[in-house]
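A.B. asks: One structure, pasted below without further comment.
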Amino acid sequence: MARTVHRKSAESVFFLSALLALSVALLMLAVLVVEVFVDGFSQLDWQFLTHFPSRNPEDAGILSAWVGSVYLITLTVAFAVPLGVAAAIYFEEYARKNWFNTLMEMNIGTLAGVPSIIYGLLGLGLFVRTLNMGRSLLAGALTMALLVLPIIIITAREAIRAIPSSVQDAAFALGATRSQVIRTIILPLSFPGILTGIILALSRAIGETAPLIAIGALTYIAFLPDGLSSPFTALPIQIFNWVSRPQAGFHSNAAAAIIVLLTITLLLNAFAILLRNYFYRRIHAHLS
Amino acid sequence: MTSATPGSSHVKEQMVGWAFKLCGLLSLFVTVGIAVVLFAEAAHFFGEVSVVEFLFGTEWTPLFTEKHFGILPLVLGTLLVSAIAMIVAIPLGILIAVYLSEYASARVRRSLKPILEILASIPTIVFGYFALLSVTPFLQKIIPGLSGFNALSPGIVMGIMILPFVVSLTDDAMTAVPHSLRMAAYGLGSTRLQVAFRVVLPSASSGVIAACVLAVSRAVGETMLVAIAAGMRPTFTLNPLVPVQTITAYIVQVSLGDTPAGTLEYRSIFAVASVLFVLTFILNMLAQKLRASFKFTYA
Chain R
1 MARTVHRKSA ESVFFLSALL ALSVALLMLA VLVVEVFVDG FSQLDWQFLT
51 HFPSRNPEDA GILSAWVGSV YLITLTVAFA VPLGVAAAIY FEEYARKNWF
101 NTLMEMNIGT LAGVPSIIYG LLGLGLFVRT LNMGRSLLAG ALTMALLVLP
151 IIIITAREAI RAIPSSVQDA AFALGATRSQ VIRTIILPLS FPGILTGIIL
201 ALSRAIGETA PLIAIGALTY IAFLPDGLSS PFTALPIQIF NWVSRPQAGF
251 HSNAAAAIIV LLTITLLLNA FAILLRNYFY RRIHAHLS
Chain L
1 MTSATPGSSH VKEQMVGWAF KLCGLLSLFV TVGIAVVLFA EAAHFFGEVS
51 VVEFLFGTEW TPLFTEKHFG ILPLVLGTLL VSAIAMIVAI PLGILIAVYL
101 SEYASARVRR SLKPILEILA SIPTIVFGYF ALLSVTPFLQ KIIPGLSGFN
151 ALSPGIVMGI MILPFVVSLT DDAMTAVPHS LRMAAYGLGS TRLQVAFRVV
201 LPSASSGVIA ACVLAVSRAV GETMLVAIAA GMRPTFTLNP LVPVQTITAY
251 IVQVSLGDTP AGTLEYRSIF AVASVLFVLT FILNMLAQKL RASFKFTYA
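Quick mapping for you: the protein sequence lines, in order, are chains R and L. Going by this note's numbering, the first residue of the first sequence is number 1, and it counts up by one from there. Going by this note's numbering, the first residue of the second sequence is number 1, and it counts up by one from there.
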């Protein structure tokens, strides 16, 4: 009898501590969002989106920052998606199981864990210096493309693996070549899953700051990029610049820019989650 | 074969295969590229600074006139912030994961998982703002001696930032434990709590340890949060209340200044980055090995 009571109380102690752990995490999230909104919402208006940065916090805006970010992530995706999806197709459809391919697979897992600042130094040494691209939009986008490549490869592989092999076998049995199977079966069926990976990569690329600082992207830019070799700034760099200043006015600007950045990131992620759910429902419906 | 030119279509198939293989190989080139870029500049650096001074020196003053290049203050700063983050992330993460995998109903799981994913997607620069302008002022009210830049506040915030990562990997490991083990334990009269902590968690241990190792690797490589909130002063200390500098924050500090290529200062960021790269590479490899052995057990 005493033992049962003891067991019951142990259960409730665990339950309460788990609940507490969850509330700590959710509370922090809530406080973060509230603080950012309280500090930044009054700054957020049309002028903020359409003005260049300024020495005066009230006049400063994020025009060059958000335009730079849009250029940057568009180019990043343009570079990373074809390469990443092709690599995923190689690993799922071509690669035989041997030590070399096992090594390559482990390598992708390891690359996904390399700190982003290290990619920045790779970009600095390779693109900015060795290939002489300077601190350009192109160098930034290529660096970012290498950074998100593992994300795209891993999600695309999962999407391809989820396709029932019976569908492919049927196509092969009808005499389709491997490249025909890839074009007509693999790519269309895995498309929603691959798109999820692309959106996750976008959301990662738009918030990354450290690699851009490492390649030397400028923190104060009062013009819009006019080409691939143009210098640029991006939203997170502008936020970093404002946070680092002592004046409270710039902190409010940082908060307002964070609201913009968070809104974009959350929308992208919500879309990715919805898309993934839809994709798995569709594959399961297909199987049953 | 009814195809008019079977030969040419065969050649085309081969070329398509080679193109895919080249893209597959690209990821290997990236790793090699990182190693070459880092180690080449680091080699120049070690032409001027002795390896022994670098690895065992306790003074890091590369921007002063009297330069010292002992990396230990940066390493200690990095480990201090990471340790604080782990103290927050690992207990909370395992509690939440056990709850999610063994207790929560399907409905609760479905609503909590996306919330954790959203928490995971917040850019680290946002957490930097939060640590510097919200958490540090709050902590200063409780701890009077706390400096405006310190290891404690970014450490705690980093713990919360890494939490979803720990939860999701631990939860994956626990849900991969076969149902039969749970049923057998219940059959012997175990309570839910006993099943969770004495059967499922130990069975998933290599997966859970892999999650913790990956979390450490993340913490060690985290940059913007510490660059904003931990300060830029390399201090050989384990005191969480004073400013410290991490390896990553030093790289940011030098990158922000306009340092010409070829100078000792420029090369020093590649030298410290080599240490960071080797450290995280070993941690990631270790985690992958652990996960592989875990998958092998329950495949």
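Built from N, CA and C at the ideal position, the CB exists for glycine as well. None of these values were measured; they are calculated from a predicted model.
Going by DSSP in three states, phenylalanine 270(L) sits in which element: helix, strand or coil?
C.D. replies: Numbered from its first residue, the second sequence carries residue 270(L) at position 270. Phenylalanine 270(L) falls in the helix class under three-state DSSP.
A.B. asks: Would you say glutamate 208(R) and isoleucine 160(R) are within 7 Å of each other, going by their C-beta atoms?
C.D. replies: Counting from 1 along the first sequence, the entry for residue 208(R) is found at position 208. Counting from 1 along the first sequence, the entry for residue 160(R) is found at position 160. No, the Cβ-Cβ distance between glutamate 208(R) and isoleucine 160(R) is not below 7 Å.
A.B. asks: For serine 293(L), which residues from the same chain have a beta carbon less than 7 Å from its beta carbon, with the 5 sequence-adjacent residues on both sides left out?
C.D. replies: For the purposes of this step, residue 293(L) is identified with residue 293 of the second sequence, where counting begins at 1. Ser206, listed in sequence order.
A.B. asks: If you scan the segment 110-145 of chain R from start to end, which runs of the beta strand (DSSP E) of 3 or more residues do you find wholly inside it?
C.D. replies: Runs found: none.
A.B. asks: Kindly give me the distance between the Cβ atoms of isoleucine 160(L) and valine 88(L), rounded to whole angstroms, as I take these residues to be in contact under 8 Å.
C.D. replies: Along the second sequence, one-based indexing puts residue 160(L) at 160. Along the second sequence, one-based indexing puts residue 88(L) at 88. Yes, isoleucine 160(L) and valine 88(L) are in contact; Cβ-Cβ is about 7 Å, under 8 Å.
A.B. asks: Verify the CB distance criterion: does glutamine 245(L) have a CB-CB separation below 7 Å to chain R?
C.D. replies: Numbered from its first residue, the second sequence carries residue 245(L) at position 245. Chain R, which has no Cβ nearer than 7 Å to the Cβ of glutamine 245(L), makes this no.
A.B. asks: DSSP three-state call for proline 82(R): helix, strand or coil?
C.D. replies: Reading the first sequence from its first residue, position 82 is the one you call residue 82(R). Reduced to three states, the DSSP call for proline 82(R) is helix.
A.B. asks: Taking DSSP as the reference, what is the three-state secondary structure of proline 192(R)?
C.D. replies: Indexing the first sequence from 1 puts residue 192(R) at position 192. DSSP places proline 192(R) in helix when its eight states are reduced to three.
A.B. asks: Cβ closer than 7 Å: which chain R residues qualify as neighbours of lysine 21(L)?
C.D. replies: Mapped onto the second sequence, residue 21(L) falls at position 21. Ordered by position in chain R, the residues that pass the 7 Å Cβ test against lysine 21(L) are Tyr90 and Tyr94.
A.B. asks: Of all the CB atoms in chain R, is at least one closer than 7 Å to the CB of phenylalanine 130(L)?
C.D. replies: For this step, residue 130(L) is matched to residue 130 along the second sequence. It does; some Cβ of chain R falls within 7 Å.
A.B. asks: Can you tell me the Cβ-Cβ gap for leucine 121(R) and isoleucine 269(L), rounded? I've got them flagged as a contact below 8 Å.
C.D. replies: The sequence position of residue 121(R) within the first sequence is 121, counting from 1. The sequence position of residue 269(L) within the second sequence is 269, counting from 1. About 7 Å; that satisfies the 8 Å criterion.
A.B. asks: Below 7 Å between beta carbons: does that hold for leucine 22(R) and isoleucine 96(L)?
C.D. replies: Within the first sequence, numbered from 1, the residue matching residue 22(R) stands at position 22. Within the second sequence, numbered from 1, the residue matching residue 96(L) stands at position 96. Taking 7 Å as the Cβ cut-off, leucine 22(R) and isoleucine 96(L) qualify as a contacting pair.
A.B. asks: State buried or exposed for arginine 183(R), treating a residue as buried only when at least 16 other CB atoms are found within 10 Å of its CB.
C.D. replies: Locating residue 183(R) in the first sequence gives position 183, where the first residue counts as 1. Arginine 183(R) is exposed by the Cβ-count criterion.
A.B. asks: With a 10 Å radius around its C-beta and 16 neighbouring C-beta atoms as the bar for buried, classify proline 150(R) as buried or exposed.
C.D. replies: Stepping through the first sequence from its first residue, residue 150(R) is reached at position 150. Counting Cβ neighbours within 10 Å, proline 150(R) comes out buried, since at least 16 surround it.
A.B. asks: Would you say tyrosine 266(L) faces chain R, with C-beta separation under 7 Å as the test?
C.D. replies: Position 266 of the second sequence, counted from the first residue, corresponds to residue 266(L). Chain R contact via Cβ: absent.
A.B. asks: Between leucine 75(R) and alanine 141(R), which are expected to be in contact by the criterion C-beta below 8 Å, what is the C-beta distance as a whole number of angstroms?
C.D. replies: Mapped onto the first sequence, residue 75(R) falls at position 75. Mapped onto the first sequence, residue 141(R) falls at position 141. Indeed, because the Cβ distance is near 4 Å, the residues count as touching under 8 Å.
A.B. asks: If you measure beta-carbon to beta-carbon, which residues of the segment 250-271 of chain R are closer than 9 Å to chain L?
C.D. replies: Going along the segment 250-271 of chain R in chain order, one finds His251, Ala254, Ala255, Ile258, Leu261, Leu262, Thr265, Leu266, Leu268, Asn269 and Ala270 with a Cβ nearer than 9 Å to chain L.
A.B. asks: Leucine 20(R): buried (16+ other C-beta within 10 angstroms of its C-beta) or exposed?
C.D. replies: Working through the first sequence from its first residue, we reach residue 20(R) at position 20. Per the 10 Å Cβ criterion, exposed.
A.B. asks: DSSP three-state label for proline 231(R), please.
C.D. replies: Along the first sequence, read from residue 1 onward, the residue named residue 231(R) stands at position 231. Note: proline 231(R) maps to strand in three-state DSSP.
A.B. asks: Would you kindly report the start and end of the unbroken alpha helix (DSSP H) that includes histidine 51(R)?
C.D. replies: In the first sequence, the residue the question calls residue 51(R) occupies position 51. Counting along the chain, histidine 51(R) falls outside any alpha helix (DSSP H), and DSSP gives it neither H nor E.
A.B. asks: Which residue comes first and which comes last in the alpha helix (DSSP H) that contains threonine 78(L)?
C.D. replies: In the second sequence, counting from the first residue as 1, residue 78(L) sits at position 78. Counting along the chain, the alpha helix (DSSP H) containing threonine 78(L) begins and ends at 72-98.
A.B. asks: Use the C-beta contact count for valine 16(L): other C-beta atoms within 10 angstroms, 16 or more gives buried, fewer gives exposed.
C.D. replies: Translated into positions along the second sequence, residue 16(L) becomes position 16. Flag for valine 16(L) reads buried.
A.B. asks: Can you list, in chain order, the residues of its chain whose CB lies under 8 Å from that of serine 190(L), leaving out five sequence neighbours each side?
C.D. replies: Position 190 of the second sequence holds residue 190(L). Once the five neighbours on either side are set aside, the close Cβ partners of serine 190(L) are Arg198 and Val199.
A.B. asks: Where does phenylalanine 149(L) sit, in a helix, a strand or coil, going by DSSP?
C.D. replies: What you label residue 149(L) is simply residue 149 of the second sequence in a count that begins at 1. Three-state result, phenylalanine 149(L): coil.
A.B. asks: Give the single residue among Val85(R), Gly109(R) and Gly68(R) whose Cα lies nearest to the Cα of serine 230(R).
C.D. replies: Walking along the first sequence from the start, residue 230(R) turns up at place 230. The shortest Cα separation from serine 230(R) among Val85(R), Gly109(R) and Gly68(R) belongs to Gly68(R).
A.B. asks: Just checking my contact of proline 82(R) with glycine 249(R) at CB under 8 Å: how many whole Å lie between their CB atoms?
C.D. replies: Mapped onto the first sequence, residue 82(R) falls at position 82. Mapped onto the first sequence, residue 249(R) falls at position 249. Going by Cβ atoms, the distance from proline 82(R) to glycine 249(R) rounds to 44 Å, so no, they are not a contact pair.
A.B. asks: Apart from the five residues just before and just after threonine 233(R), which ones in its own chain have a Cβ nearer than 7 Å to its Cβ?
C.D. replies: For the purposes of this step, residue 233(R) is taken as residue 233 along the first sequence, with counting starting at 1. These residues qualify, in order along the chain: Ser64, Ala65, Gly68, Ala217, Leu218, Thr219 and Ile221.
A.B. asks: Whole-angstrom Cβ separation of leucine 286(L) and valine 213(L), contact assumed at under 8 Å?
C.D. replies: Reading the second sequence from its first residue, position 286 is the one you call residue 286(L). Reading the second sequence from its first residue, position 213 is the one you call residue 213(L). Indeed, because the Cβ distance is near 6 Å, the residues count as touching under 8 Å.
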